[in-house]
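The structure appears below as structure tokens.
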Amino acid sequence: MTHLFSPLRIRNIELRNRIAMSPMCQYSAKDGFAGDWHLVHYGTRASGGAGLIIVEATAVWPEGRITPGDLGLWSDDQIPGLQRITGFIQSQGSVAGIQLAHAGRKASCALPWDGGKQLSLSNGGWENVAPSAIPFSPGERTPGMADSICIERIISGFREAAERALMAGFRVAEIHSAHGYLLQEFLSPLSNKRTDEYGGSFENRIRLLLEVTEAIRTVWPEDYPLFVRISSTEWTDGGWTPEESVRLAPLLHQAGADLIDCSSGGNIHNAKVPVRPGYQVPFAEMIRNTGIMTAAVGMITEALQAEEIIASGRADLVLFGRELLRNPYFPLQAARELGADTSWPIQYLRAR
Ligand code: FNR
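Under our numbering, the first residue of the sequence shown carries the number 29, and numbering increases by one thereafter.
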């Protein structure tokens with residue numbers, strides 16, 4: 029038995045292997061609704077053998093979308109389109125997860141293939157909210173500072189979206205608190221200059237994320253896993269540090285999170301990120317040493333590389349992003365390469 033293809037049990041959910049699809053926006057929703065693209069895209073990765081599919085950043089409020097093409101779960105009407113996807117994922121022996129998100133000051137952008145720049149209010153854009161009135165990069169609109177009513181609305185938005193995700197058939201929920209989106213903006217002393225109980229000290233900056241985690245846990249079943257994706261470091265002097273991530277992890281665990289998905293960066297527009305194979309794995313290892321499960325992600329593209337990460341106890345799960353865009357059947361091929369036994373779709377057995 030290889031380590032990568034050993035099952036992973038989290039609460040009462042079992043993943044058939046340690047390969048998960050990292051959440052990746054498809055920018056292909058209409059008014060937040062999932063369509064045929066999403067069904068085929070996620071369905072193919074499920075039949076390709078991944079143990080867990082984490083559906084892309086899904087906005088809890090319309091203004092929390094990065095682009096007008098983001099998925100949403102702010103309305104019950106958005107449930108059936110996602111239900112179709114979770115049903116198919118499950119039929120392939122995979123587990124359906126979803127990332128719940130609010131883009132904060134990085135919301136209101138054009139689709140990447142339309143340039144990805146911030147949309148003006150006269151061109152389909154909308155007002156952004158953030159912990160403080162500081163734009164992401166020079167020249168962008170200054171976001172409004174979230175007041176206490178807005179903070180309540182954010183928390184209830186995450187809670188209600190989680191309830192809808194449950195109705196849609198998801199078994200894993202992930203809170204997006206990375207890459208410079210709203211919840212990470214609160215964590216970072218560079219984007220959060222508040223003087224109330226949500227800013228300043230470490231305890232105050234992590235308050236909103238803990239409140240969101242606790243709120244989701246009130247509606248997310250005891251049996252189902254809750255993940256949190258964080259940017260383990262901002263790669264910027266004066267910003268959020270790996271040491272703060274290590275302090276945060278046990279508090280998230282206490283609040284009801286089961287696994288920390290260890291990404292990095294995204295909150296500071298000109299940060300220098302030392303991207304290379306496996307560059308974020310040390311964060312997964314560091315945080316796992318606090319006693320919570322972790323996922324490693326980022327430039328992991330090979331079966332042996334992933335096997336080594338799990339075998340050496342550096343993470344519990346490996347998330348694949350772009351490799352799964354290039355090759356949806358990567359897990360089936362990785363199993364063959366490592367000599368692991370894994371089930372193929374019966375329709376494809378003659379190609380095994
Ligand atoms: C991403 N990424 C991303 N991350 C996230 O937390 N939520 C998201 O919705 C998205 N969207 C997204 C779209 C696309 C097209 C890409 C390529 C990436 C980041 C992604 O999940 C992953 O963390 C990175 O791509 C690094 O992993 P890989 O690609 O090196 O395996």
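Glycine included, each C-beta is placed from N, C-alpha and C at the ideal position.
How long is the line joining the alpha carbons of residue i and residue j, rounded to whole angstroms?
{"i": "P35", "j": "I47", "result": "10 Å"}
{"i": "I81", "j": "L347", "result": "9 Å"}
{"i": "A190", "j": "A277", "result": "21 Å"}
{"i": "T95", "j": "E272", "result": "30 Å"}
{"i": "M2", "j": "Y307", "result": "This structure gives no information on residue 2, because the portion of the chain shown stretches from 29 to 380."}
{"i": "V68", "j": "G79", "result": "17 Å"}
{"i": "L43", "j": "P253", "result": "11 Å"}
{"i": "L287", "j": "L280", "result": "9 Å"}
{"i": "F230", "j": "L366", "result": "43 Å"}
{"i": "E330", "j": "A362", "result": "8 Å"}
{"i": "L377", "j": "A334", "result": "25 Å"}
{"i": "P359", "j": "M195", "result": "28 Å"}
{"i": "E180", "j": "D289", "result": "25 Å"}
{"i": "G132", "j": "G197", "result": "27 Å"}
{"i": "R350", "j": "M52", "result": "9 Å"}
{"i": "A57", "j": "G63", "result": "7 Å"}
{"i": "I182", "j": "S119", "result": "33 Å"}
{"i": "G92", "j": "R380", "result": "43 Å"}
{"i": "G227", "j": "T170", "result": "18 Å"}
{"i": "Y55", "j": "E225", "result": "35 Å"}
{"i": "A323", "j": "E250", "result": "20 Å"}
{"i": "D104", "j": "R192", "result": "7 Å"}
{"i": "E168", "j": "T86", "result": "23 Å"}
{"i": "R316", "j": "L149", "result": "43 Å"}
{"i": "R233", "j": "T261", "result": "15 Å"}
{"i": "H204", "j": "E84", "result": "10 Å"}
{"i": "P305", "j": "I177", "result": "43 Å"}
{"i": "A138", "j": "L236", "result": "28 Å"}
{"i": "T269", "j": "W263", "result": "8 Å"}
{"i": "R37", "j": "G153", "result": "42 Å"}
{"i": "R39", "j": "P166", "result": "44 Å"}
{"i": "V157", "j": "W89", "result": "12 Å"}
{"i": "G121", "j": "D369", "result": "14 Å"}
{"i": "L128", "j": "F255", "result": "10 Å"}
{"i": "P302", "j": "N355", "result": "25 Å"}
If you follow the alpha helix (DSSP H) that residue i is in, where does it begin and where does it stop?
{"i": "C178", "result": "176-195"}
{"i": "S436", "result": "Here the chain comprises residues numbered 29 to 380, so residue 436 is not present and cannot be evaluated."}
{"i": "E314", "result": "In the sequence as presented, Glu is not what sits at residue 314; that position holds Met. Residues 309-316."}
{"i": "E231", "result": "230-233"}
{"i": "S75", "result": "64-75"}
{"i": "I338", "result": "331-339"}
{"i": "F358", "result": "358-366"}
{"i": "L211", "result": "210-215"}
Starting from residue i, follow its DSSP beta bridges and name the residues at the other end.
{"i": "T86", "result": "L99, L128"}
{"i": "I38", "result": "I41"}
{"i": "V346", "result": "I47, A324"}
{"i": "M29", "result": "Answer is none; M29 lacks a bridge partner."}
{"i": "V157", "result": "G172"}
{"i": "V274", "result": "In DSSP, V274 forms no bridge with anything."}
{"i": "Q146", "result": "C137"}
{"i": "K300", "result": "BP columns for K300 are empty, so no partner."}
{"i": "K58", "result": "F61"}
{"i": "I81", "result": "M49, A124"}
For the beta strand (DSSP E) holding residue i, just list the boundary residues, first then last.
{"i": "L254", "result": "254-259"}
{"i": "Q327", "result": "The displayed chain sequence assigns Met, not Gln, to residue 327. Where M327 is concerned, there is no enclosing beta strand (DSSP E), given that its DSSP letter is neither H nor E."}
{"i": "E390", "result": "This structure cannot speak to residue 390, because the chain is shown only from 29 to 380."}
{"i": "L287", "result": "287-291"}
Kindly indicate if chain B contains any beta-carbon less than 8 Å away from that of residue i.
{"i": "L238", "result": "No chain B is present in this structure, which holds just one protein chain."}
Quiz: which residues have CB nearer than 6 Å to the ligand FNR non-hydrogen atoms: Answer in sequence order: S50, P51, M52, C53, E84, A85, Q127, H204, A206, H207, R257, S291, V325, G326, M327, I328, F348, G349, R350, E351.
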